[in-house]
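Have a look at the structure below, then the notes.
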Amino acid sequence: LGYTDEQILEMFYPIEEITLKKGVATRTVSTALIGTKAFENIYSPKDKELIVKEGGRITKGALKRIQASNIRVIPMSKEEMIGRVTLKDVIDPETGEVVLEGNDEITTEVADRIVASKVSRLNLLLIDGITSLPSIRDTLIMDKVKSVDQALVEIYRKLRPGEPPTMADARALFEGLFFNPKRYDLSPVGRLKLNTRLGLDVPLSKRVLTDKDVIEIIRSLLNLRVGKGEVDDIDHLGNRRVRAVGELLENQFRIGLVRMERAIKEKMTLAELDESMPHDLINAKPVIAVIKEFFGSSQLSQFMDQTNPLSEITHKRRLSALGPGGLTRERAGFEVRDVHPTHYGRICPVETPEGPNIGLITSLATYARINDFGFIESPYRKLKKGKVTEDIEYLSAIEEQRYVIAQASAPIDSKGNLAEDTVSVRVGGDFKRAGREEIDYMDISPKQIVSVSAALIPFLENDDANRALMGSNMQRQAVPLLKTEAPIVGTGMESVAARDAGVMVTAKRSGVVESVDATRAVVKCDGGVDIYKFTKFYRSNQATCINQKPIVKVGQSVEKGQVIADGSATDLGELALGRNVLVAFMPWRGYNFEDAIIISERLVKKDTHTSIH
1487 LGYTDEQILE MFYPIEEITL KKGVATRTVS TALIGTKAFE NIYSPKDKEL IVKEGGRITK
1547 GALKRIQASN IRVIPMSKEE MIGRVTLKDV IDPETGEVVL EGNDEITTEV ADRIVASKVS
1607 RLNLLLIDGI TSLPSIRDTL IMDKVKSVDQ ALVEIYRKLR PGEPPTMADA RALFEGLFFN
1667 PKRYDLSPVG RLKLNTRLGL DVPLSKRVLT DKDVIEIIRS LLNLRVGKGE VDDIDHLGNR
1727 RVRAVGELLE NQFRIGLVRM ERAIKEKMTL AELDESMPHD LINAKPVIAV IKEFFGSSQL
1787 SQFMDQTNPL SEITHKRRLS ALGPGGLTRE RAGFEVRDVH PTHYGRICPV ETPEGPNIGL
1847 ITSLATYARI NDFGFIESPY RKLKKGKVTE DIEYLSAIEE QRYVIAQASA PIDSKGNLAE
1907 DTVSVRVGGD FKRAGREEID YMDISPKQIV SVSAALIPFL ENDDANRALM GSNMQRQAVP
1967 LLKTEAPIVG TGMESVAARD AGVMVTAKRS GVVESVDATR AVVKCDGGVD IYKFTKFYRS
2027 NQATCINQKP IVKVGQSVEK GQVIADGSAT DLGELALGRN VLVAFMPWRG YNFEDAIIIS
2087 ERLVKKDTHT SIH
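Printed below as a string of structure tokens:
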């Protein structure tokens, strides 16, 4: 990268400046003094009070007192210099002779020569082996390469053994490997992750590595070695992103375009360019073939589950860790499948398959959304000095770590303030109690933790997690009945799930129903009429019956967004997957042993649970 040994040492080590005057060495007062011994008694210049006695260690407290006493430099013995490493060459100003080269250790003999000579300033590296390791310095001593050209040739030899290295080839290989945007692309997400991890401020448009990136990566690795910073958690949702259909299709499209480009270039070398037309050279078949292959045979291209409206909406909100560029069932361990603290409000901890795919296929939480970079965000209400505001902000898993977040169930008084002095909160994935003034955000709803399917289960918090998992999966298997009936005991999510599944007909504009029959409805509006045609006895992907039936009457006023016709498995605009039947928990002559149930003959005769499929 073109840095000298001196510049490299300066980047990775703190430097201590030593001043020499008439053979006496003094060192600048800085944090470098902590833990060192005082060469002589250090007194406060104001009241002559002893701060550190001769031979005593300088502690943090002593350093603060030294700085408070306006002491800028303290004496240093010749013995303290021995064993230290210089940053630059030490040159005798009188003779011009190099007393000691940069990155060399001061010996007793060299120390005597430095004190005896007219050298006035020394820059020494602070290498204590605890907070700063000698790794970089040792590497530079071992490294025989001293110029950029030599380094490039050495890298070329390592990467292309057996090929004779030329300077131009070596430079081209190195540049192409790290700094050529045509060779690779970090993407805006990659740049964002590098910036947040290394604390950089490089623009997102810079999508290749920079010199600063390389330096900060090395610094980060060295810091980890001495216990500074933390190793990344691969299961943290700040390090996992959703690749939506558009992105996967874009990658396939790029492959198709590259193939097409190759074919065009081949044709251009063979054809007579003067007489050729664009359509003679361009053949779009490679692109079409790639896209058809993606939708036809990709592991992630699935036949939509249309058993009922819930299965449809759940299938569209599914997240998978499998597929191209993902994991395989056999390779995935427990950690990947487990619920992580960052899943809170982003991925449902309940809804997941029971078999080998457990934890690999999950569902998006009720209020979660995916941002431009593919990270899942969850909404929170902003708090100001203990008062709940109406502002709602979406936070990603990385942003959330910095804040104190209260639960949605935290009591609020009539003025909108948190009622209790201390509240149960989440901080960086841990549950604690905090004062109301410390709280930054609070959850917007208790159901933001779970998915649509789990949010439809009444009194979910009282259920065993395993049975809730089975319940949320089994709701998707309910076939639409002849006679639908909304649940008496619901959660309020029934109408939302039915509306967002898109199985019902809703009014585009407000108006009055002019005519209605089994196949269509006509609504008179300010600017004319809206005609709504209903889907009648249509076969779904799973061979269940999709049939829309009107629920409005002639002359009835309808508002924009109001339900005009029910779809399959909906009742008056609410999701209706079953029937409200009376259940008795009791033994009956052993006929209901284990999983067996006894049903009334009346249920069969009245077509209570009859369906068309």
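First residue of the sequence shown: 1487, per the numbering used here; consecutive thereafter.
Every residue, glycine too, gets a C-beta built ideally from N, C-alpha and C.
Being a predicted model, the structure only gives us computed values, none of them experimental.
query: Touch check for the region 1998-2007 and the region 1978-1985: three-plus C-beta pairs under 8 Å?
result: no
task: Taking 9 Å as the cut-off, decide whether the C-beta atoms of Arg-1962 and Ser-1806 are in contact.
output: no
task: Give me the Cβ distance between Ser-1603 and Asp-1575, rounded to the nearest whole Å; I'm assuming they're in contact under 8 Å.
output: Contact flag wrong, Cβ pair sits at about 13 Å.
Minimum C-alpha distance to Val-1510 - residue among Pro-1561, Ser-1787, Gly-1488 and Lys-1714: Pro-1561
- request: Reducing DSSP to helix, strand and coil, say where Phe-1917 ends up.
  value: strand
- prompt: Taking the runs of the beta strand (DSSP E) that are 3 residues or longer, which of them lie wholly in the region 1835-1919?
  reply: 1847-1849, 1862-1870, 1873-1882, 1890-1892 and 1908-1913
- prompt: Smallest Cα separation from Gly-1976: which of Leu-2063, Thr-2021 and Val-1965?
  reply: Leu-2063
query: Is the beta carbon of Asp-1824 less than 9 Å from the beta carbon of Gly-1811?
result: no
- prompt: Grouping DSSP H, G and I as helix and E and B as strand, with all else coil, what is Val-1639?
  reply: helix
message: Quick check: the region 2067-2079 against the region 2030-2039, are at least 3 beta-carbon pairs closer than 8 Å?
response: no
- prompt: For the putative contact between Ile-1862 and Val-1728, defined by C-beta atoms under 8 Å, what is the C-beta separation to the nearest angstrom?
  reply: 6 Å
message: Quick check: the Cα distance between Pro-1772 and Met-1746, rounded to an integer number of angstroms?
response: 6 Å
task: Determine the DSSP secondary structure at Glu-2060, reduced to helix, strand or coil.
output: strand
task: Specify, as a first and last residue, the run of the alpha helix (DSSP H) that Val-1773 falls within.
output: 1771-1783
- prompt: So what does Arg-1513 bridge to, in DSSP terms?
  reply: Ile-1504 and Ile-1560
- prompt: Taking the C-alpha atoms as reference points, what is the distance between Val-1634 and Leu-1487?
  reply: 7 Å
message: To the nearest angstrom, how far is the alpha carbon of Ser-1931 from that of His-1722?
response: 23 Å
task: Consult DSSP for Leu-1759 and reduce its assignment to one of helix, strand or coil.
output: coil
field: Sequence-distant residues of the same chain with beta carbon closer than 6 Å to Arg-1570, five excluded per side
entry: Ile-1592 and Leu-1610
query: When you compare only the Cα positions, how much space is there between Ala-1896 and Asp-1687?
result: 38 Å
query: Terminal residues of the continuous beta strand (DSSP E) containing Glu-2000?
result: 1997-2002
field: Given Glu-1535 as reference, the closest of Gln-1893, Ile-1557 and Thr-1514 once Cα atoms are compared
entry: Ile-1557
query: What residues in its chain sit with their C-beta under 6 Å from that of Thr-1828, if we drop five residues either side in the sequence?
result: His-1722, Leu-1723 and Ala-1883
- request: Could you tell me how far apart the beta carbons of Ser-1555 and Ile-1537 are, in whole angstroms, since I believe they sit closer than 8 Å?
  value: 7 Å
- request: Out of Ser-1787, Ile-2085, Ala-1993 and Asn-1903, point me to the one whose CA is closest to Val-2015's CA.
  value: Ala-1993
- request: Give the single residue among Leu-1626, Ala-2051 and Cys-2011 whose Cα lies nearest to the Cα of Ala-2004.
  value: Ala-2051
Contacting residues, own chain, Cβ-Cβ under 6 Å from Ser-1924 (five flanking each side not counted): A small correction: the amino acid at residue 1924 is Glu; Ser does not occupy that position in the sequence shown. These residues qualify, in order along the chain: Val-1890.
task: Tell whether a beta-carbon distance below 9 Å holds between Leu-1456 and Ile-1504.
output: Past the edges of the chain, shown from 1487 to 2099, lies residue 1456, and the structure says nothing about it.
- prompt: Can you round the beta-carbon distance between Asp-1950 and Ile-1943 to whole angstroms, since I take them to be within the 8 Å contact cut?
  reply: That belief does not hold up - the Cβ atoms of Asp-1950 and Ile-1943 are roughly 12 Å apart, past 8 Å.
query: Do you know how far the Cα of Leu-2068 is from the Cα of Ile-2105?
result: The question about residue 2105 has no answer, for the chain in this structure spans 1487 to 2099.
query: What residue does the beta strand (DSSP E) around Lys-2010 start on, and which one ends it?
result: 2006-2011
message: Quick check: what's the CA-CA separation for Glu-1816 versus Thr-1625?
response: 41 Å
field: Any non-hydrogen atom of the ligand PLP within 8 Å of Leu-1967 CB
entry: No copy of the ligand PLP occurs in the structure displayed, which carries no ligand at all.
field: Through-space distance from Tyr-1880 to Pro-1674, alpha-carbon basis
entry: 20 Å
- prompt: With DSSP run on the structure shown, which of helix, strand or coil describes Val-1982?
  reply: helix
From Ala-1941, Leu-1680 and Asp-1760, residue whose alpha carbon lies closest to that of Tyr-1853: Ala-1941
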